[in-house]
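**Student:** Residue 787 in our numbering sits at position 191 of the sequence shown, with consecutive numbering throughout.
A virtual CB, placed ideally from N, CA and C, is assigned to each residue, including glycine.
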Amino acid sequence: MEIALQDALSGHSRLKPLNGIRVEVAGQPASSGCGTTGGEGKASCGSSDGQNDMPPEIWEKVKNHPCYSEEAHHHYARMHVAVAPACNIQCNYCNRKYDCSNESRPGVVSQKLTPEQAVKKVIAVASEIPQMTVLGIAGPGDALASPQKTFETFRMLQEQAPDIKLCLSTNGLALPDYVDEICKYNIDHVTITINMIDAAVGEKIYPWIFYNHKRYYGREAAQILTDRQMLGLEMLTKRGVLTKINSVLIPGINDEHLYEVNRAVKSRGAFLHNIMPLISEAEHGTVFGLTGQRGPSAQELKDVQDACMGGANLMRHCRQCRADAVGLLGEDRSDEFTLDQIEHMDVVYDLEKRRAYQEKVEAERQAQHDAKQAALAAQSGTDDGMKVLVAVATTGGGKVNEHFGHATEFQIFELTPSSATFVGHRRVDLYCQGGFGEDEQLPSIVNAINDCHAVLVAKIGACPRDELKAVGIEPVDAYAHDFIEKAALTWFADYRARVANGEIAHRERGDAAIRQGAFMAA
Ligand code: CLF
Ligand code: SF4
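1) When the Cα atoms are used, what is the spatial distance from residue 617 to residue 851?
2) Determine contact between the segment 839 to 848 and the segment 716 to 733, defined as no fewer than three beta-carbon pairs at a distance below 8 Å.
3) Measuring only the C-alpha atoms, how far is residue 1110 from residue 762?
4) Can you find a heavy atom of the ligand CLF that lies under 7 Å from the Cβ of residue 840?
5) With distances taken between CB atoms, is the gap from residue 999 to residue 944 smaller than 8 Å?
6) If you follow the beta strand (DSSP E) that residue 888 is part of, which residue opens it and which one closes it?
7) Taking all protein chains shown into account, decide if residue 749 is buried (16 or more other Cβ within 10 angstroms of its Cβ) or exposed.
8) The alpha helix (DSSP H) that contains residue 815, what's its start and end?
9) Does the Cβ of residue 861 lie closer than 7 Å to at least one heavy atom of the ligand CLF?
10) In terms of alpha-carbon separation, which member of 1072, 1013, 1006 lies closest to residue 1040?
11) With which residues is residue 1010 paired in a DSSP beta bridge?
12) Going by DSSP, name the residue or residues bridged to residue 807.
13) Per DSSP, which residues does residue 800 bridge with? Please list them.
14) Tell me whether residue 637 is buried or exposed, calling it buried when 16 or more other Cβ atoms sit within 10 Å of its Cβ.
15) Going along the chain, which residues of its own chain have a beta-carbon closer than 6 Å to the beta-carbon of residue 1072, five neighbours each way excluded?
16) Give me whichever residues DSSP pairs with residue 1119 in a beta bridge.
17) Confirm the yes/no value for this check: CB of residue 819, any heavy atom of the ligand CLF, distance under 7 Å.
18) I'd like to know if residue 1083 contacts chain B, where contact means its C-beta is closer than 8 Å to some C-beta of that chain.
19) Mind checking whether the beta-carbon of residue 686 lies closer than 7 Å to any heavy atom of the ligand FMN?
20) Within 7 Å: the Cβ of residue 737 and any heavy atom of the ligand SF4?
21) Rounded to whole angstroms, what is the Cα-Cα separation between residue 664 and residue 1020?
22) Nearest CA to the CA of residue 767: which residue from 666, 741, 874?
23) For residue 652, count the other beta carbons within 10 Å of its own beta carbon; 16 or more makes it buried, fewer makes it exposed. Which is it?
24) Of all the options 1009, 1045, 1013, which has the alpha carbon lying nearest to the alpha carbon of residue 1024?
25) Are residue 803 and residue 688 touching if we call contact CB-CB under 8 Å?
26) In whole angstroms, what is the alpha-carbon distance linking residue 1022 and residue 880?
27) Within this structure, are the beta carbons of residue 730 and residue 764 separated by less than 8 Å?
28) Residues bridged to residue 674 by DSSP?
29) Return the CA-CA distance between residue 754 and residue 1091, expressed in angstroms with no decimal places.
30) Output the residue ranges of the alpha helix (DSSP H) runs that lie fully inside the segment 1019 to 1076 and measure 4 residues or longer, sorted by chain position.
31) If the criterion is Cβ atoms closer than 8 Å, does the pair residue 910 and residue 917 meet it?
32) Classify residue 1103: buried if its beta carbon has 16 or more other beta carbons within 10 angstroms, exposed otherwise.
33) Tell me where the alpha helix (DSSP H) around residue 873 begins and ends.
34) Tell me whether the segment 856 to 875 and the segment 981 to 997 touch, counting them as touching only if at least three CB pairs, one residue from each stretch, are closer than 8 Å.
35) Taking the C-alpha atoms as reference points, what is the distance between residue 980 and residue 1057?
36) Looking only at C-alpha atoms, which of 793, 678, 919, 1036 sits nearest to residue 824?
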């Protein structure tokens, strides 16, 4: 791993950033790809939009969906049930022994479930985790390649737990055939994985598809797939279903093409576009893993995401979760809810209790929102154009509340004198193991946040503190348990003041590596 990370930082040739590239898309105005407003109005990271940025009926659908609202993901949880084992296409980044790589991190699904088992599990989780608001079916194959199991699960769940939002993820090949079913069961959120709109690109990603009882290969397969994806997206938009497009960024194959995908899906009404890094290791046994196709670095991913701003709204907080994930994005509590454990649980689905708890969550979320606005209002001085990234250790609730040594990921915020924007996360190896700091883990953590100027934590030991300082990353524990944006903006104001008075010199940071593979359990 160490060697791979070093290679990712220094060995590969950097891709040409897309910022500033003009790409013409049929029927679409050319755009500079920067974050400035265009004909459509605003250039926001859409998933961070709030109540005032969208119609009330849309806000109702997204406000407590952790994937569709960046703000919500600090406070609300989702779960997946692995009821859909089959798939009707082959992606070069997937090995069926593993979870669907486009909606999950590599790792076998612990248990495949029948619809009855799945519903039992959802009820058990909902009674234990009242902030779990969304049930998604995202594999481990394709949700619509096993339609009976998928829709039977949704049907039963809708009857037993009507307050839980239903969410479905698909590669889109079978989607046009099931739009009526999707609407019938009030599935308000559908994710389609779209990696290309050009079959010449697609044939490098998809060796075959199985469609209408026949196997198609190469460019013909890719053409059918993209036609079906676009048709399905248009049909869902017409029916008022919110759609999110997942795209896997594959350097050298679809990196520059994703800008065209972004424009194409926006023009067909997609609500969000989630551009995710390819996960590719030889041990996963995927075609890309075995042929050495690398994933993007952190800056390559950010460059493509930034270039797509102003098109379809962007999601940047995806955790590429398992097909049986449970909990807040970034945590996985699926181990607590095996079928054996559920058998012995005293399960009571108490809707009122869930509502009461969610009211408290809403109050906490509002407090985070208000703290951010107050911190922004308090920023003084001129905007000198300085822009930095900071890493934040959090266990949720929108606060700086995790110890450095206990963090399995850091959230990354981009700061300017007038903004604090969530731009991603970085998985890391756990620094603290068995109660002691592991110095050999530190280089991999540094690699993961190497583009950051500071790391904000609840607490940090003397050793990692000194080593972080030595590589130019400022460890900051002065804002423990403060709301993240308030803490980050307050630190940034202090940083700029120290630069201004000559106490420190401002330097640009380098690139960072995206951690491949599994978390270590905390
Ligand atoms: Fe699951 Fe996907 Fe629904 Fe979310 S996940 S089916 S939309 S409830 Fe979310 Fe996980 Fe990313 Fe998917 S973080 S992989 S985007
Ligand atoms: Fe794998 Fe999902 Fe692609 Fe099917 S759609 S091959 S399950 S990544």
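**Tutor:** This is what the structure holds:
1) Reliability of the predicted coordinates at residue 617 is poor, the pLDDT of 28 falling under 50, and the value obtained from them is presented with this limitation in mind. Taking the straight line joining both Cα atoms gives about 12 Å.
2) no
3) In a straight line, the C-alpha of residue 1110 is about 30 Å away from that of residue 762.
4) yes
5) no
6) Boundaries cannot be given for residue 888, as no beta strand (DSSP E) includes it and DSSP labels it neither H nor E.
7) Counting other Cβ atoms within 10 Å of its Cβ, residue 749 reaches 16 or more and is therefore classed as buried.
8) Residues 814 to 834.
9) no
10) Ranked by Cα distance from residue 1040, the first of 1072, 1013, 1006 is 1006.
11) Answer is 985, 1017, bridged to residue 1010.
12) 810
13) Answer is none; residue 800 lacks a bridge partner.
14) Residue placement at residue 637 cannot be trusted, given a pLDDT of 28 that sits under 50; the coordinates are not used to answer.
15) 1050, 1052, 1087
16) No information on residue 1119 is available, as it lies outside the stretch 597 to 1118 that the chain covers here.
17) no
18) Any reference to chain B falls outside this structure, which holds one protein chain only.
19) With respect to small molecules bound, the structure shown includes the ligand CLF and the ligand SF4 and not the ligand FMN.
20) yes
21) 14 Å
22) 741
23) When all chains shown are included, residue 652 counts as exposed.
24) 1045
25) Yes. Within cutoff.
26) Distance from the CA atom of residue 1022 to the CA atom of residue 880, rounded to whole angstroms, is 20 Å.
27) Contact check for residue 730 against residue 764 fails: the beta carbons are separated by 8 Å or more.
28) 730, 923
29) Rounded to whole angstroms, residue 754 to residue 1091 spans 51 Å at the Cα level.
30) 1038 to 1044, 1058 to 1066
31) no
32) exposed
33) Premise fails: residue 873 lies in the beta strand (DSSP E), 868 to 873, not in any alpha helix (DSSP H).
34) no
35) 34 Å
36) 793
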